[in-house]
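Chemist:
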Amino acid sequence: MPPPVFRFAPSPNGYLHLGHAYSALLNFDLARRTGGRFLLRIEDIDATRCRPEFEAAIYEDLAWLGISWETPVRRQSEHFARYRKAVERLADLGLIYPSFESRAEIARLVAQRDASAPWPRDPDGAPLYPGAAKSLPPDQRRQLIAQGTPYALRLDMAAARARTNQLTWIEHGEGPGGETGAVHAQPEAWGDVILARKETPTSYHLSVVIDDALQGVTDVVRGRDLFWSTSVHLLLQQLLGIPQPVYRHHRLIEDASGHKLSKSTQATALRELRGQGAAPADICSLVGLSGDFCNTTGGC
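In this text, residue positions in the sequence shown follow my numbering: the first is 12, and each later residue adds one.
1. Considering only the beta carbon of each residue, do residue 16 and residue 228 sit closer than 7 angstroms?
2. If you draw a straight line from the C-alpha of residue 242 to the C-alpha of residue 178, how long is it?
3. What residue range is occupied by the uninterrupted beta strand (DSSP E) comprising residue 166?
4. Could you tell me which residues DSSP pairs with residue 232 in its beta bridges?
5. Check the DSSP bridge columns for residue 271 and list the partner residues they point to.
6. What residue does the beta strand (DSSP E) around residue 193 start on, and which one ends it?
7. Out of 146, 120, 73, 25, point me to the one whose CA is closest to residue 139's CA.
8. Take the Cβ of residue 114 as the centre, count every other Cβ of all protein chains shown within 10 Å, and call the residue buried at 16 or more, exposed below.
9. Just verifying my parser: in three-state terms, what is the DSSP assignment at residue 78?
10. Kindly list the residues whose CB is nearer than 7 angstroms to the CB of residue 280, restricted to its own chain and excluding five residues on each side of it in sequence; keep chain order.
11. With distances taken from CA atoms, which of 32, 57, 74 is nearest residue 272?
12. Please state whether the Cβ-Cβ distance between residue 111 and residue 155 is less than 7 angstroms.
13. Residues in its own chain within less than 6 angstroms of residue 191 by CB, not counting five upstream and five downstream?
14. Provide the residue span of the beta strand (DSSP E) that contains residue 207, from first to last.
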């Protein structure tokens, strides 16, 4: 039987913080304990926010923690053609349609609907797509695209669910509500999710399932904030005929107010802690890992 394959897949849109360190150390430790492989993947599809200095800092921070990885590192920005083919395959199945509303227009539509009754929202709290682009005539769609109108390519969730069987995964960690064991996926809760945009031929949901399959990832170990995203990932895996890995979601590292650490909220970066004199063992302690754990990883 081939060894298990784990991965840590950060986006270079800011410096790594304690939450990243916890997830990376867990994956690296599990790979070592099981005789498996550990991969590093750079998820840099957002060209406006991802920067080379942040990518360089990822390598530096992980190496400082004592984490090593296989090379070459997969960088998503180098594989847009592969993601585009997957979108085309779904389009050939009649499961993709373009929507042309701007974010501001969508916000106005949601506000109008909220005036009469609360508009449904996805597990992350974002409103489901409220537009009517799915019913646009093909000629009108082609005309808008030819005019250069920005668009997002959405998955027709109802059509996609009609083509798929029951979706279930075995949770080996714990979800945000304590979910464990067999979990019934609920991709419908996300509505018609965006799989690509005019300027970017992929999205997180699409690229992550394709990359995991192409890299042979067997075990996905990630934070609970992505627990319900697994529903969309299982749906795409079945539609594209690619294997389903084992899923294990772990606790989040939170700040003093109980919110998860985030680059967007300027969470203290590992490089800043290092500059203040912290050692790798201190990082393990800060994220609640024991000294035995750090000794096992060979890092802290």
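Even glycine gets a Cβ: it sits at the ideal position worked out from N, Cα and C.
Modeler: Let me spell this out:
1. Closer than 7 angstroms, so yes.
2. In this structure, the alpha-carbon of residue 242 lies about 8 angstroms from that of residue 178.
3. Segment 163-166, the beta strand (DSSP E) holding residue 166.
4. Paired residue(s): 259.
5. As a beta-bridge residue in DSSP terms, residue 271 pairs with 265.
6. From DSSP, the beta strand (DSSP E) with residue 193 extends over 192-195.
7. The shortest C-alpha separation from residue 139 is found at 120.
8. With fewer than 16 Cβ atoms within 10 Å of its Cβ, residue 114 is classed as exposed.
9. Coil, per DSSP.
10. The residues are 26, 27, 28.
11. Checked all of 32, 57, 74; the closest Cα to residue 272 is 32.
12. Yes; because the gap between Cβ atoms is below 7 angstroms, this pair is in contact.
13. Closer than 6 angstroms at Cβ, skipping near neighbours: 182, 185.
14. DSSP places residue 207 in the uninterrupted beta strand (DSSP E) bounded by 205-208.
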